[in-house]
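Residue numbers (our numbering), protein chains in the order written: chain A, 1 to 333; chain B, 334 to 666; chain C, 667 to 999; chain D, 1000 to 1332; chain E, 1333 to 1665.
We put the beta carbon where it would ideally sit given N, CA and C, even for glycine.
In this text the structure is predicted, and so the values were computed from the model without any measurement.
Read the structure below first, then the notes.
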Amino acid sequence: MIVDSAAYLQGRRVDVGCAPQDFARLRAAVARPDQHADGERGFVWVGLHDPGQRELAEVADAFGLHPLAVEDALTAHQRPKLERYDDSLFLVLKTLWYVDAEDAVETGEVALFVGEDFVITVRHGGGSELATARQTLERQQQVLSHGPSSVVYAVTDHVVDGYLKVVEDLQVDVDEVEVSVFSPARTDDSMRIYTLKREIAEARRAVMPLREPMRRFSSGAVSGIAEEAGPFFRDVLDHLNQAAEAVDSLDSLLSTAFDASVARLGIQQNDDMRKISAGAALVVVPTLIAGVYGMNFTHMPELSWTFGYPFALLLMVSAVVGLWVFFKRSGWL
Amino acid sequence: MIVDSAAYLQGRRVDVGCAPQDFARLRAAVARPDQHADGERGFVWVGLHDPGQRELAEVADAFGLHPLAVEDALTAHQRPKLERYDDSLFLVLKTLWYVDAEDAVETGEVALFVGEDFVITVRHGGGSELATARQTLERQQQVLSHGPSSVVYAVTDHVVDGYLKVVEDLQVDVDEVEVSVFSPARTDDSMRIYTLKREIAEARRAVMPLREPMRRFSSGAVSGIAEEAGPFFRDVLDHLNQAAEAVDSLDSLLSTAFDASVARLGIQQNDDMRKISAGAALVVVPTLIAGVYGMNFTHMPELSWTFGYPFALLLMVSAVVGLWVFFKRSGWL
Amino acid sequence: MIVDSAAYLQGRRVDVGCAPQDFARLRAAVARPDQHADGERGFVWVGLHDPGQRELAEVADAFGLHPLAVEDALTAHQRPKLERYDDSLFLVLKTLWYVDAEDAVETGEVALFVGEDFVITVRHGGGSELATARQTLERQQQVLSHGPSSVVYAVTDHVVDGYLKVVEDLQVDVDEVEVSVFSPARTDDSMRIYTLKREIAEARRAVMPLREPMRRFSSGAVSGIAEEAGPFFRDVLDHLNQAAEAVDSLDSLLSTAFDASVARLGIQQNDDMRKISAGAALVVVPTLIAGVYGMNFTHMPELSWTFGYPFALLLMVSAVVGLWVFFKRSGWL
Amino acid sequence: MIVDSAAYLQGRRVDVGCAPQDFARLRAAVARPDQHADGERGFVWVGLHDPGQRELAEVADAFGLHPLAVEDALTAHQRPKLERYDDSLFLVLKTLWYVDAEDAVETGEVALFVGEDFVITVRHGGGSELATARQTLERQQQVLSHGPSSVVYAVTDHVVDGYLKVVEDLQVDVDEVEVSVFSPARTDDSMRIYTLKREIAEARRAVMPLREPMRRFSSGAVSGIAEEAGPFFRDVLDHLNQAAEAVDSLDSLLSTAFDASVARLGIQQNDDMRKISAGAALVVVPTLIAGVYGMNFTHMPELSWTFGYPFALLLMVSAVVGLWVFFKRSGWL
Amino acid sequence: MIVDSAAYLQGRRVDVGCAPQDFARLRAAVARPDQHADGERGFVWVGLHDPGQRELAEVADAFGLHPLAVEDALTAHQRPKLERYDDSLFLVLKTLWYVDAEDAVETGEVALFVGEDFVITVRHGGGSELATARQTLERQQQVLSHGPSSVVYAVTDHVVDGYLKVVEDLQVDVDEVEVSVFSPARTDDSMRIYTLKREIAEARRAVMPLREPMRRFSSGAVSGIAEEAGPFFRDVLDHLNQAAEAVDSLDSLLSTAFDASVARLGIQQNDDMRKISAGAALVVVPTLIAGVYGMNFTHMPELSWTFGYPFALLLMVSAVVGLWVFFKRSGWL
């Protein structure tokens, strides 16, 4: 589905007045020399969402995209990567968003074809709509004048902002786990920690491989990406590094929390064992007393006492109370 | 055993009409200058499967293969590697396939000798038949015209696709382990996890060392591999990286699952201990009551009550019920 | 808030006699050629603390700071980094200090804009006041004559000294944990260790990324930082490396201490189990004796002995004493 | 002790007819120009085993060896290394062999001095005799014609083959441990695993540092080592890499096996606890029944029944059988 | 305190006949041209031990040492490092020695100022006296003729020899721990292992950072260090690498030993639990028998048997013996 397609010239969206799939007219609009002030070239931005094979083939045809890259853009199971095909760049990003209902990190994908006078963005999966990125960009005339690079910046910035949001949500989850682990209540946090670690691994797979392309963009060493856009990509790289650092730090925090939860489990088990033992003592000691007075000796003075029975019961109760106090004091009960 | 041997010219299989082991005529067929359009050279592809020493020696003789490489190709216990011998390349790949019946990853080996006008593929072990790779390649005339490089591409692509399949099967196994670990049932997953880790280590030994050769092929820096084939090898490298990433991720997931399974074991042991203790209490408390009424005091009013015995039994049952409710409420039973 | 702003010439603070926010006059003061001895240029140092957006905008305007850097300096959640914007450097440092009351490491931030004739320092959060750094620097005329680099040195030196102090405090905490872990008392150190590891991770995030900028400053390879200041930055780098090494070493020490605490827990649990078992034996053995003499055989000579009852009690006491001695000797009690 | 010393010319051992320690005549033999076909220089190979200081000093004198290298060759506690002293190379290898009786890996050492016209091999410790390496080499005339390099190849090949044999033996041990860990029998494999890990660490210390010298030899970049010998050293390097990979893989497998053995221990402990509890129930429940019928109530109809006693016994037996079946079914017994 | 100061010329100590602190005359002695054979320059070696600030200041003055280096040499809490100040080198070494009484590794420090015609050694803390290093050096005329480099070699060689001694002592400690862990006796080795790991970490901090300077010295790439001294520093580097390798290996061995000790603890706990359970069975089974014969049924034939009581006792004893044998056989007792 074509979400939006437009021509940009001199930092402004140009109203070409044609159907969004009329790529030829759009390209022609930005190529007309009379529209060029100071030699600056405009560009076309076509935004697709979950395109079908035929739809993507038409776009590929119109802009001369490389078949291998098109194939990669069609199916959404790529690793983040930057590749050069002849004159154009092919960039794949993973998008991340957090679904509160399931405490899960979901992933989508955005592929960008970046040519001299066009950018094609292909988004797969939900989350991370690029419409807002486009609106934000259209308000920044100066950035737009960097040409196709500005779209790459707008999209990566948008996607990486999404990473930071996900990282924040994960941070909240980790904080909850931490509270749960160190609460006096007995909780089995192993499954929660496992799931979180898996989510974090998913985030890592999106974040880490994107750093190299951003580093190259920010150093201005990639032909096809405007050198003037370098500081902007440095900003994106900075956020990316923050996300990467947070992901690493959360992962190692979770490992420590897991170890601590196992240790606390051992302590609680020991506490239980002591409590059980003390409880058992409260029963077996009076049982011993009862046993003693159940002996059949002919000469047992207590047996014939008038208050022998109450005395025995008292003895039992005293033993129980004594043991109770003793175990309470030594912290076993 | 010679599985197939054929001459290729201008992107097509040439029917030379000779026995598959008549290497001289095959080579001659692709060397005849009158068959060459636009200076393009054809090549011969000889496919061997578990060849004997003599059989391989004949091939080595016909194509002038280096003795050390031939020795390596004969026995199937090499690491994946790329070596140059004079004008020809020697590439060793590990093939992987998954045997459902045993939940095991099996490994085979493919060695390739790549010369200017020939490719010899030597396959060891079952799985990963190259016949399909040959058929697929013969349908892609344009790729075939890259010469011997196209065979290297077809074979590595085929083998690496096998890696991805194995990784998927391992993923299923890991998911099963995960379900088993976090199921309420008590399961001993340690052996399963151990075995899976060993399988994953096996996969890693096939996948990891192949990345360097693929990286070099895709950069076009290896003489003997056509530069035009670079994007194709970049594709293979991409899949290889996906497999490598998945292997790493599965391994670390298994480690976490193992730790979680140990933690859950501790929790279950604690649950058992509590259950046992509660159960014990249900027996020792009535025993105490019985002990009390077994005492031999002369003056024990209950003993001579008409309903003394039922009263005692009721007392015992009440104690048992009371304890039962108490332990149920506190989650010990 | 502008904490202090001053002009420095020839290693001395110059009394310009204007308001601190009169940046134009301050810059003019150091730019007047007649004040220059041997071609040395003076500089202005403006110190801000938690500036508002408008306040910072004014400064940015007066000194021509880059908007992206200004944005970074405004919000205090940056990673330590060094960036070049045209002619000026932008350096972000994390400040660390230790709050005894909470055993916690707090972090603040200092951003520096370093131009040819000015330094702007922007401090966020409490702790690490730069006023003392300024006073120290103003006493070192020779260092001051290195120009803006001298301020960078003074600030980084001050901040890194703060790191060393924090590391010392953490060392004290780790020593306490160590004593607690290996004390005979039963302590649950898991939460303390977890918290300390988190604090250490926080310190690491401040310390580690600063090493690269300091390395570059000390090698004299950063234009805008005086080469003569190299040895001073080498000194800072040295302290930074000390802090980094200490942080790593404390972290790994804590991990070992944690493992040891878990091991000791196991030992204590075993000790408990033995103690409990010995205690149980002291009760069940006399219970058995009582049971024996509670049997109803017609012919049991002891029952009719005059001292049968005392004899039975003595038997019980002897058994208890005997078991006590036995268990004491074998270390179970 | 001089094991053997001989002169080699044109790929053949030359019978000089002098005492093995007559180094001057041996050198002269290979230096006589009339023996040289096609300018090829011969060489002397002196093989020493555990030489005394004086013996080694004589050799050093005769061939002009560097004192520091001689000192290193005398005592057998060096790390594998390659050093250049003026015109000659000094290579130290660790030899490994497996002593079945003790399940232990033993280490020896071989030092090689490689000059233009001589090789001195100094072997320390048992195992890895070089006589077989010499015999094999003397049968390969073509290899021998590479000069001293051929001896370096023959010795390293021989030593590295020894590594592979040791690795195979360790593999067998690890397989045994694996079987033991996952057998239903209760085994304490911790000591075996510890010892194996120590042996593997020993092997690693021999294998790993040798890779760099072999890499350099195989790249032909070491003057004094014939470039034509490169493919042979590549072969040795390949085997070395195989050994290195196997060592790493065994080590990590052992770690996993160890973790699994600890986990299984926990499971077995839990099984024990359940078995014990079930066993206890089989005793305490009939004890309770006995206690009930030991009560002294006047009105207990069962007591006066004719078959009261058998009834009580039957009750006990039924309880035991019932519990037995219950625990068997729930897997506790 | 000045320990010794002397002038060296042509490989010999020169008797200048002045006070040790008369640095000017010492320097003059080695600077007099008529004493120079073959252009070789002599040098002065001043050895200080725990110098006061004033004492060091005098030396610094006499030899023109850099203030920052002097400051570093005064306080003894530096990391090992090599720095260049103008024409002179500044090297800091950690000294290590083992105190048997406390099983502890102690650290000291040696700082060296190396100029063209002087070496100043500043030693802090006990252990590692340099007097012996000086004596050894003075006996090696040829080494001494390398000038100041020879002192650097003598001191580093001496200090690194100290490392090897410490490593040997630690090896003994680790062996003891190993024996203790795998002895049948129940030992708590966690504290010992923790302490040893801390000592090893201390040794690592001394050993590791020294490798880079030694590598540079041995490659002859440091101006101020004679190239001819390269092989000597290669020797030191070799020992340093041995120490480093041993430290790493001991550390990982200790980790494995720790894990094994935890595993054995679990096994011992299980053994205890079985022993306890078997012991309990020996008491509760006769208690059940006693309970049975304590029942009050009218018709219990055994009760009126003449040998009923001995029969019951025999039954109990038989039960105990039977259980004993059973548990012995199944390894529970």
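Under a Cβ-count criterion, where at least 16 other Cβ atoms within 10 Å of its own Cβ denotes burial, should residue i be classed as buried or exposed?
i: Ala1316(E); result: As shown, chain E starts at 1333 and ends at 1665. That puts residue 1316(E) outside it, with no answer to give.
i: Ser671(C); result: buried
i: Gly52(A); result: exposed
i: Lys1327(D); result: exposed
i: Glu878(C); result: exposed
i: Met1000(D); result: exposed
i: Ser663(B); result: exposed
i: Pro1642(E); result: exposed
i: Ala851(C); result: exposed
i: Asp506(B); result: buried
Could you tell me which residues DSSP puts in a beta bridge with residue i?
i: Asp394(B); result: DSSP output for Asp394(B) lists no bridge partner at all.
i: Lys747(C); result: Val758(C)
Please list the terminal residues of the continuous beta strand (DSSP E) segment that includes residue i.
i: Leu164(A); result: Element bounds for Leu164(A): not the beta strand (DSSP E) but the alpha helix (DSSP H), Pro148 to Phe182.
i: Leu342(B); result: Ile335 to Leu342
i: Trp324(A); result: Unbroken run through Trp324(A) is the alpha helix (DSSP H), Gly308 to Arg329; no beta strand (DSSP E).
i: Ile120(A); result: Phe118 to His124
i: His1048(D); result: Phe1042 to His1048
i: Val968(D); result: This structure leaves residue 968(D) out entirely; chain D is present only between 1000 and 1332.
i: Thr1094(D); result: Ser1087 to Val1098
i: Val680(C); result: Arg678 to Val680
Below 9 Å between beta carbons: does that hold for residue i and residue j?
i: Ala76(A); j: Phe113(A); result: no
i: Thr195(A); j: Asp72(A); result: no
i: Ala697(C); j: Ser816(C); result: no
i: Glu1105(D); j: Tyr1097(D); result: yes
i: His49(A); j: His124(A); result: yes
i: Pro1618(E); j: Val958(C); result: yes
Can you find the residues in the same chain that come closer than 8 Å, C-beta to C-beta, to residue i, ignoring five residues on each side of it along the sequence?
i: Phe1450(E); result: Arg1359, Phe1375, Val1376, Trp1377, Val1378, Phe1395 and Pro1480
i: Arg691(C); result: Val682 and Cys684
Report all residues from its chain with a CB closer than 7 Å to the CB of residue i; omit the five preceding and five following residues, and keep chain order.
i: Val1206(D); result: Tyr1162, Leu1239, Ala1242, Ala1243 and Val1246
i: Ala7(A); result: Val14, Val16, Leu26, Ala29, Val30, Gly42 and Val44
CB-CB under 6 Å to residue i, same chain, minus the five flanking residues each way: which ones, in chain order?
i: Val500(B); result: Ala576 and Ala579
i: Leu424(B); result: Leu415 and Leu445
i: Tyr85(A); result: His66 and Ala69
i: Trp657(B); result: none
Going by DSSP, what residue range makes up the alpha helix (DSSP H) through residue i?
i: Val902(C); result: Gly896 to Tyr959
i: Arg544(B); result: Arg544 to Ser551
i: Arg805(C); result: Here Arg805(C) belongs to no alpha helix (DSSP H), and DSSP marks it neither H nor E.
i: Ser190(A); result: Ser190 to Val207
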